[in-house]
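Number of protein chains: 2
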Amino acid sequence: MLPYTPEQGTLADIASRRLAQSIVTGELAQGQKLNEAELAERFGMGRGPLREALRHLEGMRLVTRVPNAGARVVVLDRKTLSDLYAVREALEGMACRIAATQMTDADIDQLRKLLDRHEAQIKKEGGKVYAQNEGDLDFHYQIARGSRNQMLMDMLGSEQYQLLRMCRYRTSRNAERTLPALQQHRQIVEALAQRDGELAEMLMRRHINGAWRSISEMMDKEEAA
Amino acid sequence: MLPYTPEQGTLADIASRRLAQSIVTGELAQGQKLNEAELAERFGMGRGPLREALRHLEGMRLVTRVPNAGARVVVLDRKTLSDLYAVREALEGMACRIAATQMTDADIDQLRKLLDRHEAQIKKEGGKVYAQNEGDLDFHYQIARGSRNQMLMDMLGSEQYQLLRMCRYRTSRNAERTLPALQQHRQIVEALAQRDGELAEMLMRRHINGAWRSISEMMDKEEAA
DNA sequence: GCAACCTAGATTGTCGACAATGTAAAAAAT
DNA sequence: ATTTTTTACATTGTCGACAATCTAGGTTGC
Numbered sequence: 052m053l054p055y056t057p058e059q060g061t062l063a064d065i066a067s068r069r070l071a072q073s074i075v076t077g078e079l080a081q082g083q084k085l086n087e088a089e090l091a092e093r094f095g096m097g098r099g100p101l102r103e104a105l106r107h108l109e110g111m112r113l114v115t116r117v118p119n120a121g122a123r124v125v126v127l128d129r130k131t132l133s134d135l136y137a138v139r140e141a142l143e144g145m146a147c148r149i150a151a152t153q154m155t156d157a158d159i160d161q162l163r164k165l166l167d168r169h170e171a172q173i174k175k176e177g178g179k180v181y182a183q184n185e186g187d188l189d190f191h192y193q194i195a196r197g198s199r200n201q202m203l204m205d206m207l208g209s210e211q212y213q214l215l216r217m218c219r220y221r222t223s224r225n226a227e228r229t230l231p232a233l234q235q236h237r238q239i240v241e242a243l244a245q246r247d248g249e250l251a252e253m254l255m256r257r258h259i260n261g262a263w264r265s266i267s268e269m270m271d272k273e274e275a276a
Numbered sequence: 052m053l054p055y056t057p058e059q060g061t062l063a064d065i066a067s068r069r070l071a072q073s074i075v076t077g078e079l080a081q082g083q084k085l086n087e088a089e090l091a092e093r094f095g096m097g098r099g100p101l102r103e104a105l106r107h108l109e110g111m112r113l114v115t116r117v118p119n120a121g122a123r124v125v126v127l128d129r130k131t132l133s134d135l136y137a138v139r140e141a142l143e144g145m146a147c148r149i150a151a152t153q154m155t156d157a158d159i160d161q162l163r164k165l166l167d168r169h170e171a172q173i174k175k176e177g178g179k180v181y182a183q184n185e186g187d188l189d190f191h192y193q194i195a196r197g198s199r200n201q202m203l204m205d206m207l208g209s210e211q212y213q214l215l216r217m218c219r220y221r222t223s224r225n226a227e228r229t230l231p232a233l234q235q236h237r238q239i240v241e242a243l244a245q246r247d248g249e250l251a252e253m254l255m256r257r258h259i260n261g262a263w264r265s266i267s268e269m270m271d272k273e274e275a276a
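Those protein sequences? They're chains A and B, same order as listed.
When we follow the working numbering, the leftmost residue of the first sequence carries the number 52, and every step to the right adds one.
When we follow the working numbering, the leftmost residue of the second sequence carries the number 52, and every step to the right adds one.
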C-alpha cells in the first residue's frame with residue numbers, strides 16, 4: 052500500500068506525478084535535459100503548471116535546476132547511492148526498533164500476508180520485476196508505518212526515497228536476490244512478532260547492507276564491461 | 052558555515068529564500084494562510100514566480116497546499132516534533148559514527164575552534180539567542196560534513212531540517228540549556244578526536260534526546276498556562 | 001428564528017505573449 | 001585553416017489577463 056496518489060488535482064500536480072513516475076522508471080534518462088515547452092506540449096498544458104511541477108520536483112531532489120539553463124534529471128552515481136543506503140540503514144533500522152513496540156498484532160499479520168503474496172508471485176512468474184520491486188517497497192513502507200513516525204513515513208514513502216525507487220528500476224533486472232530477500236523479510240517479521248526491537252533492527256540493517264553490496268557488485272560488473 | 056545561499060538567482064529563488072526565512076523565524080505564524088497576490092506585491096514580483104516558490108517550499112515541507120484553497124505555513128505540533136527528534140537521533144548518531152573515521156585532524160581542530168567561539172559568545176552576551184541558535188546548527192552541520200555523506204548533509208543542512216530551525220526559534224528563548232549543551236558538544240568532539248565512533252554516536256544520541264526532553268518540558272509549561 | 005439557497009467578491013489556476021538570457025551556427029579576420 | 005566575433009535561434013524567466021473555484025454574506029422560504 053504505497054501512499055495513494057489520486058489521479059486528480061491541479062495540472063501542476065498531475066505533471067509532477069507523471070514526471071516523477073517517468074524519472075523513477077528510467078523512461079527519462081539520468082541527466083537528461085527537461086525541455087519545458089516540449090513537456091508542456093506532451094502533457095497538454097501550458098508552461099506555467101509545468102514549471103511549478105519542476106520546482107516541486109526540485110524540492111524533492113528528483114531534478115536539479117540551474118538558473119537560465121533549465122532542469123535536468125538527477126544523476127545517481129555510485130557515491131550518491133552509497134550515501135543513500137547508509138541513510139536507509141539508519142532510518143529503517145530505527146523504524147524496525149520502534150515498530151516492534153508500536154505495531155498491533157493485526158498489523159504484523161498483514162505483513163505476513165503481504166509476504167505470502169510476494170512468495171506466490173515469485174513462484175508463479177519467477178519475479179516479474181516491476182511487481183516484485185513495488186512489493187519490496189511495500190514491505191519497507193509498511194514497517195515505516197508501523198513506527199507511527201509520520202516524518203519517517205514521509206521520507207520513505209513519498210519524497211526523498213523516490214531516488215531509491217529510481218535505483219531499483221535500474222538494478223532489479225537480475226532477480227537472483229529476490230528469494231534470499233524474502234527470507235530476510237520473514238525473519239524481520241518474526242522478530243517484530245516477538246516484540247524484539249533490537250533483533251528486528253539488526254536484521255533490517257543487515258538486509259539493507261546486503262542489498263547495497265549486491266547492487267554495488269552489479270555496478271562493478273557493468274563498469275568492467 | 053551553513054550552506055551559503057547566494058543573494059541572486061531567479062525571482063522564484065529569491066521568493067523561496069525569503070519565505071523560508073520568514074517561516075523559520077516565525078515571522079509568518081504556523082498555519083497562516085499565504086496569499087499569493089499579497090506576497091507577490093510585497094516582494095515586488097508577479098504571481099508566477101511566487102507560485103513556483105510555493106511549490107518548492109511544498110517539496111521542502113515548509114508549506115502545505117490544498118488544491119484550490121491555497122498554501123499555509125506548516126504547523127509543528129508535539130507529535131511532529133517528537134518524530135523529528137527521533138529521526139535526528141538516528142541520522143546524527145550515524146553521522147557521528149562515520150565522522151569519527153572520516154574527519155581529518157584539521158576538521159576536528161576547526162570544530163574545537165567553533166566551540167571556543169561559542170563559549171566566548173555565551174560568556175559575553177549571556178547567549179544572544181539568534182547567534183547561539185545558528186551556532187549550534189553549525190556544530191551539527193559540521194559533523195554531518197565530517198561524515199562525507201552528501202545525502203546526510205542535504206537532509207540536515209538545507210531541506211527537511213528547516214523544520215528544526217523553525218522549532219528552535221520558538222523554543223530557544225530560555226537559554227538555560229546552552230551551557231550544558233556546550234559541554235556535551237565538547238565531549239562529542241573529544242570522542243571524535245579519539246576516533247571512537249561508538250562513543251561519539253552514543254553521546255550525540257544522548258545530546259539530542261536531552262534537547263528533546265527539554266523542549267518537551269517547555270511545551271508542557273506553555274500548555275499549562 | 002433557522003435553514004437552505006443564491007449571489008457577489010475574492011482567490012486560485014491557467015494560458016498566451018513578450019523580455020531576457022544562453023547557445024550554436026555562420027561570417028569575418030588573422 | 002583556425003580563431004574570434006557576430007548574428008540568429010532556441011529556451012528560460014516574467015508578466016498581465018481571463019477562467020474556474022471557493023468563501024462569505026445576504027435573501028428567501030418554511
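We put the beta carbon where it would ideally sit given N, CA and C, even for glycine.
These figures come from a predicted structure and were not determined experimentally.
Assigned exposure category for residue i - 16 Cβ within 10 Å defines buried
i, result
"B/D160", "exposed"
"B/A141", "buried"
"B/L193", "Looking at the sequence itself, residue 193 of chain B is Gln, so the reference to Leu does not match. Buried, since its Cβ has 16 or more Cβ neighbours within 10 Å."
"A/E143", "buried"
"A/R129", "exposed"
"A/E274", "exposed"
"B/R296", "The structure shown does not extend to residue 296 of chain B, since chain B is modelled only from 52 to 276, so the question has no answer here."
"A/E89", "exposed"
"A/A120", "exposed"
"B/E103", "buried"
"B/A122", "buried"
"A/P25", "Any answer about residue 25 of chain A is impossible in this case: the structure gives chain A only from 52 up to 276."
"B/D64", "buried"
"A/A242", "buried"
"A/A262", "buried"
Beta-carbon proximity list for residue i, same chain, < 7 Å, skipping 5 on both sides
i, result
"B/L108", "S67, L70, A71 and V114"
"A/Q153", "G197, S198 and R199"
"B/R163", "V240"
"A/R237", "L166"
"B/L203", "L142, A146 and A195"
"A/P57", "Its pLDDT being 47, under 50, A/P57 is placed unreliably in this model, and the coordinates cannot settle the point."
"B/M270", "R129"
Best match in the options for proximity to residue i [C-alpha to C-alpha]
i, options, result
"B/M145", "A/A137, A/A146, A/C147 and A/A151", "A/A137"
"A/T61", "B/D64, B/V117 and B/A195", "B/V117"
"A/R168", "A/F190, A/C147 and A/D158", "A/F190"
"A/T135", "A/G77, A/E170, A/N260 and A/V75", "Looking at the sequence shown, residue 135 of chain A is not Thr but Leu. When only C-alpha atoms are compared, the closest one is A/N260."
"A/A251", "A/M270, A/D271 and A/A151", "A/A151"
"A/A171", "A/G186, A/D158 and A/A157", "A/G186"
"A/R257", "A/P100, A/A242, A/E268 and A/Q235", "A/Q235"
"B/D205", "A/L188, A/K272 and A/R112", "A/R112"
"A/S267", "A/D156, A/S133, A/L254 and A/K175", "A/S133"
"B/L254", "B/P231, B/L207 and B/D271", "B/P231"
Backbone secondary structure at residue i - three-state DSSP
i, result
"A/G77", "coil"
"A/R148", "helix"
"A/A122", "strand"
"B/L135", "helix"
"A/T61", "coil"
"A/L85", "strand"
"B/R116", "strand"
"A/R68", "helix"
"B/R106", "helix"
"B/K130", "helix"
"A/N200", "coil"
"B/Q245", "coil"
"B/M269", "helix"
"A/T155", "coil"
"B/M255", "helix"
"A/G99", "helix"
"A/M206", "helix"
Cut-off 6 Å between Cβ atoms - residues of its own chain near residue i, not counting five sequence neighbours on either side
i, result
"A/I300", "Shown here, chain A extends from 52 to 276; a query on residue 300 of chain A therefore has no answer."
"A/Q201", "none"
"B/S73", "L79"
"B/S307", "Outside the shown range of chain B (52 to 276) lies residue 307 of chain B, about which nothing can therefore be said."
"B/D158", "G197"
Any non-hydrogen atom of the ligand MG within 8 Å of residue i CB
i, result
"B/I266", "Of the ligands one can find in the structure shown there are none, so the ligand MG has no counterpart to examine."
Own chain residues within Cβ distance below 8 Å of residue i, not counting five before or after
i, result
"A/T155", "none"
"A/Q83", "R123 and V124"
Check your understanding: How about the segment 237-250 of chain A and the segment 94-111 of chain A: do they share at least three Cβ pairs that are nearer than 8 Å?
Key -> no
Review point. Does the pairing of the segment 95-102 of chain B with the segment 81-94 of chain A give three or more beta-carbon distances under 8 Å?
Key: no
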